[in-house]
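Just so we're aligned, residue 156 is where the sequence shown starts under our numbering, counting upward by one.
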Amino acid sequence: MSDGTYRTLTGPSRYELDPVKASRFVATLDHVTTEDEALAVVAACEAEWPDASHHCWAYKLAGGRTRSSDAGEPGGSAGRPILARIEGKQLADAVVVVSRWFGGTKLGVGGLIRAYGACAGKALDAADVRVVPRTRALRVEHGYEDTAAVQTVLAAAGLTPLDADYGATVRLTLAAPEATADALAQRLVDATAGRAVVEAAEPGAEK
Numbered sequence: 156m157s158d159g160t161y162r163t164l165t166g167p168s169r170y171e172l173d174p175v176k177a178s179r180f181v182a183t184l185d186h187v188t189t190e191d192e193a194l195a196v197v198a199a200c201e202a203e204w205p206d207a208s209h210h211c212w213a214y215k216l217a218g219g220r221t222r223s224s225d226a227g228e229p230g231g232s233a234g235r236p237i238l239a240r241i242e243g244k245q246l247a248d249a250v251v252v253v254s255r256w257f258g259g260t261k262l263g264v265g266g267l268i269r270a271y272g273a274c275a276g277k278a279l280d281a282a283d284v285r286v287v288p289r290t291r292a293l294r295v296e297h298g299y300e301d302t303a304a305v306q307t308v309l310a311a312a313g314l315t316p317l318d319a320d321y322g323a324t325v326r327l328t329l330a331a332p333e334a335t336a337d338a339l340a341q342r343l344v345d346a347t348a349g350r351a352v353v354e355a356a357e358p359g360a361e362k
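What follows is the structure, given as structure tokens:
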């Protein structure tokens with residue numbers, strides 16, 4: 156979306172497609188924010204259903220990163236159709252795993268594309284979606300004498316640090332709304348008379 160927000164899943168859900176030539180297809184969806192979280196959903200499906208023939212999947216993160224897997228199905232017959240449905244719904248921070256139990260009749264590449272795409276698409280149609288602001292990861296470093304001033308600025312912005320390290324100085328990691336991140340950084344600098352250092356975190360932390 157172009158207004159500083161994006162669409163994502165509210166949480167986990169599951170959908171089972173009507174059997175296709177006796178093959179069973181079940182989609183598992185979830186909201187994720189990192190590749191590790193997405194792969195954990197895949198691993199959970201593999202552990203729950205070790206008897207499934209394939210666990211094909213795709214995800215898209217808010218930073219734009221995508222990845223998909225055919226998990227042993229013919230190339231391009233599963234992961235890409237799943238990813239196409241995620242992108243078609245304009246979703247991000249979302250993973251879809253479609254588990255298949257082979258029913259004894261080969262579907263062919265075209266049949267697999269249709270089946271995996273249909274299962275993912277119908278699962279996403281039924282899923283709850285929410286709109287959230289895009290965020291920018293910031294690192295804030297300040298002295299202990301400025302703790303109260305920094306906390307006042309963060310409280311006014313409704314932000315809680317994602318991580319805090321207390322060493323010689325205080326180092327915080329924040330996820331600030333993209334639309335207000337620059338203004339927030341300036342307020343932190345102003346509130347500490349220029350002593351606070353505010354920098355962008357690594358690109359992978361952005362939403």
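Just so you know, even glycine gets a beta-carbon here, dropped at the ideal spot from N, CA and C.
Simplified DSSP state of Val-250, which is helix, strand or coil: strand
8 angstroms Cβ cutoff met for Ala-356 and Thr-260: no
Beta carbon of Thr-165 nearer than 8 angstroms to that of Arg-285: Yes, these two residues count as a Cβ contact at 8 angstroms.
Alpha-carbon spacing of Arg-162 relative to Leu-317, whole angstroms: 22 angstroms
Residues bridged to Glu-201 (per DSSP): DSSP, once it has assigned bridges, lists no residue as partnering Glu-201.
Segment contact, 8 angstroms Cβ cut-off, at least three pairs: the stretch 324 to 337 with the stretch 296 to 316: As far as the Cβ criterion goes, the stretch 324 to 337 touches the stretch 296 to 316, which means the pair count is three or higher.
Distance between Ala-249 and Leu-327 (C-alpha atoms, nearest Å): 27 angstroms
Reduced DSSP secondary structure (H/G/I, E/B, other) of Thr-189: coil
Three-state class that DSSP yields for Glu-228 in the structure shown: coil
Unbroken beta strand (DSSP E) run spanning Pro-288, endpoints: 284 to 288
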